[in-house]
Amino acid sequence: MDFVTNLILTESAARRVALIADKQDKPAVLRLAVDGGGCAGFTYRFALGEPEEGDTVAETAGVRLVVDPVSLDLLEGSEVDYVEDLGGSAFKVRNPNAASGCGCGSSFGI
1 MDFVTNLILT
11 ESAARRVALI
21 ADKQDKPAVL
31 RLAVDGGGCA
41 GFTYRFALGE
51 PEEGDTVAET
61 AGVRLVVDPV
71 SLDLLEGSEV
81 DYVEDLGGSA
91 FKVRNPNAAS
101 GCGCGSSFGI
(Lines of atoms letter the chains of each structure in order from A and count residues from 1; the text may use other names and numbers.)
(Lines give C-alpha, C1' and ligand atoms only; values in the text may rest on other atoms or scores of the structure.)
Protein backbone atom coordinates (compact mmCIF):
# COMPACT_ATOMS: atom_id res chain seq x y z
CA MET A 1 0.00 0.00 0.00
CA ASP A 2 1.51 3.30 -1.13
CA PHE A 3 0.39 6.65 0.26
CA VAL A 4 0.37 9.42 -2.37
CA THR A 5 -0.42 13.08 -2.74
CA ASN A 6 -1.33 13.08 -6.46
CA LEU A 7 -4.80 11.66 -5.72
CA ILE A 8 -7.06 14.02 -3.78
CA LEU A 9 -10.10 13.29 -1.65
CA THR A 10 -11.71 16.62 -0.82
CA GLU A 11 -12.95 17.49 2.67
CA SER A 12 -16.55 17.35 1.40
CA ALA A 13 -16.05 13.86 -0.03
CA ALA A 14 -14.27 12.67 3.12
CA ARG A 15 -17.17 13.85 5.31
CA ARG A 16 -19.70 12.06 3.08
CA VAL A 17 -17.67 8.81 3.03
CA ALA A 18 -17.36 8.94 6.83
CA LEU A 19 -21.13 9.42 7.17
CA ILE A 20 -21.98 6.54 4.81
CA ALA A 21 -19.39 4.25 6.39
CA ASP A 22 -20.73 5.01 9.87
CA LYS A 23 -24.32 4.25 8.80
CA GLN A 24 -23.21 0.95 7.24
CA ASP A 25 -20.84 0.11 10.13
CA LYS A 26 -17.89 -0.16 7.73
CA PRO A 27 -14.43 1.42 7.70
CA ALA A 28 -14.17 4.89 6.12
CA VAL A 29 -12.39 3.67 3.00
CA LEU A 30 -13.64 4.67 -0.46
CA ARG A 31 -12.47 2.43 -3.28
CA LEU A 32 -12.38 4.10 -6.71
CA ALA A 33 -11.88 1.94 -9.79
CA VAL A 34 -12.24 2.30 -13.54
CA ASP A 35 -14.26 -0.19 -15.59
CA GLY A 36 -14.60 -0.45 -19.35
CA GLY A 37 -17.98 0.66 -20.69
CA GLY A 38 -20.29 3.61 -20.46
CA CYS A 39 -21.12 5.97 -23.28
CA ALA A 40 -17.59 7.43 -23.39
CA GLY A 41 -15.50 4.25 -22.95
CA PHE A 42 -14.75 4.05 -19.21
CA THR A 43 -16.86 4.37 -16.07
CA TYR A 44 -15.99 5.15 -12.46
CA ARG A 45 -16.94 2.61 -9.81
CA PHE A 46 -17.19 3.59 -6.13
CA ALA A 47 -17.50 1.20 -3.19
CA LEU A 48 -16.66 1.04 0.49
CA GLY A 49 -13.89 -1.46 1.13
CA GLU A 50 -10.54 -2.23 2.66
CA PRO A 51 -7.17 -1.39 1.10
CA GLU A 52 -5.64 -4.35 -0.72
CA GLU A 53 -2.08 -5.30 -1.59
CA GLY A 54 -0.71 -2.97 -4.28
CA ASP A 55 -3.35 -0.25 -3.79
CA THR A 56 -2.45 3.42 -3.82
CA VAL A 57 -3.94 5.36 -0.92
CA ALA A 58 -4.71 9.02 -0.30
CA GLU A 59 -6.04 10.17 3.06
CA THR A 60 -8.09 13.19 4.14
CA ALA A 61 -9.39 13.73 7.68
CA GLY A 62 -8.88 10.05 8.53
CA VAL A 63 -10.81 8.83 5.46
CA ARG A 64 -8.92 6.84 2.84
CA LEU A 65 -9.32 6.87 -0.93
CA VAL A 66 -7.88 3.66 -2.43
CA VAL A 67 -7.17 2.91 -6.09
CA ASP A 68 -6.01 -0.40 -7.54
CA PRO A 69 -2.83 -0.50 -9.68
CA VAL A 70 -4.69 -1.04 -12.99
CA SER A 71 -7.06 1.90 -12.45
CA LEU A 72 -4.27 4.18 -11.21
CA ASP A 73 -2.90 4.76 -14.72
CA LEU A 74 -6.27 6.27 -15.72
CA LEU A 75 -6.80 8.17 -12.43
CA GLU A 76 -3.35 9.65 -11.71
CA GLY A 77 -3.75 13.25 -10.54
CA SER A 78 -7.53 13.00 -10.04
CA GLU A 79 -9.62 14.71 -7.39
CA VAL A 80 -12.71 13.10 -5.85
CA ASP A 81 -15.29 15.55 -4.55
CA TYR A 82 -18.83 15.30 -3.20
CA VAL A 83 -21.17 17.85 -4.76
CA GLU A 84 -24.70 18.82 -3.78
CA ASP A 85 -26.67 21.08 -6.14
CA LEU A 86 -30.10 21.44 -7.72
CA GLY A 87 -29.42 18.41 -9.92
CA GLY A 88 -28.83 16.18 -6.90
CA SER A 89 -25.81 14.99 -4.96
CA ALA A 90 -23.00 12.73 -6.11
CA PHE A 91 -19.33 11.94 -5.92
CA LYS A 92 -17.55 13.67 -8.83
CA VAL A 93 -14.14 12.83 -10.25
CA ARG A 94 -12.05 15.61 -11.78
CA ASN A 95 -9.71 13.54 -13.91
CA PRO A 96 -6.91 15.34 -15.82
CA ASN A 97 -6.41 12.20 -17.94
CA ALA A 98 -9.94 12.25 -19.36
CA ALA A 99 -9.92 13.68 -22.88
CA SER A 100 -13.69 13.52 -23.19
CA GLY A 101 -16.74 12.89 -21.05
CA CYS A 102 -20.42 12.25 -21.39
CA GLY A 103 -23.50 14.26 -20.51
CA CYS A 104 -24.25 12.22 -17.40
CA GLY A 105 -20.73 12.81 -16.02
CA SER A 106 -20.18 9.19 -15.00
CA SER A 107 -18.09 8.00 -17.94
CA PHE A 108 -15.03 9.32 -19.76
CA GLY A 109 -12.68 8.65 -22.66
CA ILE A 110 -8.93 9.06 -23.00
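Residue numbers (the UniProt record's numbering): 1 to 110. Using N, Cα and C, we set each Cβ at its ideal position, and we do this for glycine too.
Problem - Alpha carbon of G54 to alpha carbon of P69, nearest angstrom - result: 6 Å
Exercise for the section: Please classify residue 195: is it buried, with 16 or more other beta-carbons within 10 angstroms of its beta-carbon, or exposed? Expected result: This structure gives no information on residue 195, because the portion of the chain shown stretches from 1 to 110.
Practice task
Have a look at the DSSP bridge pairing and note the partners of K26.
Solution key: According to DSSP, K26 bridges with nothing at all.
Handout entry: Span of the alpha helix (DSSP H), counted from its first residue to its last, around D73
Key = 69-75
Exercise for the section: Tell whether a beta-carbon distance below 8 Å holds between V63 and A33. Expected result: no
Exercise for the section: Given a cut-off of 8 Å, decide if V93 and V66 are closer than it, judged by their beta-carbon atoms. Expected result: no
Problem - Rounded separation between V57 and F46 - CA only - result: 14 Å
Exercise for the section: Could you check if N6 is buried or exposed, using at least 16 other CB atoms within 10 Å of its CB as the buried criterion? Expected result: exposed
Handout entry: Whole-angstrom distance between V80 and T60, CA atom to CA atom
Key = 11 Å
Problem - Rounded C-alpha distance that separates D24 from G49 - result: Asp is not the amino acid found at residue 24; the sequence shown has Gln there. Computed Cα separation, rounded: 11 Å.
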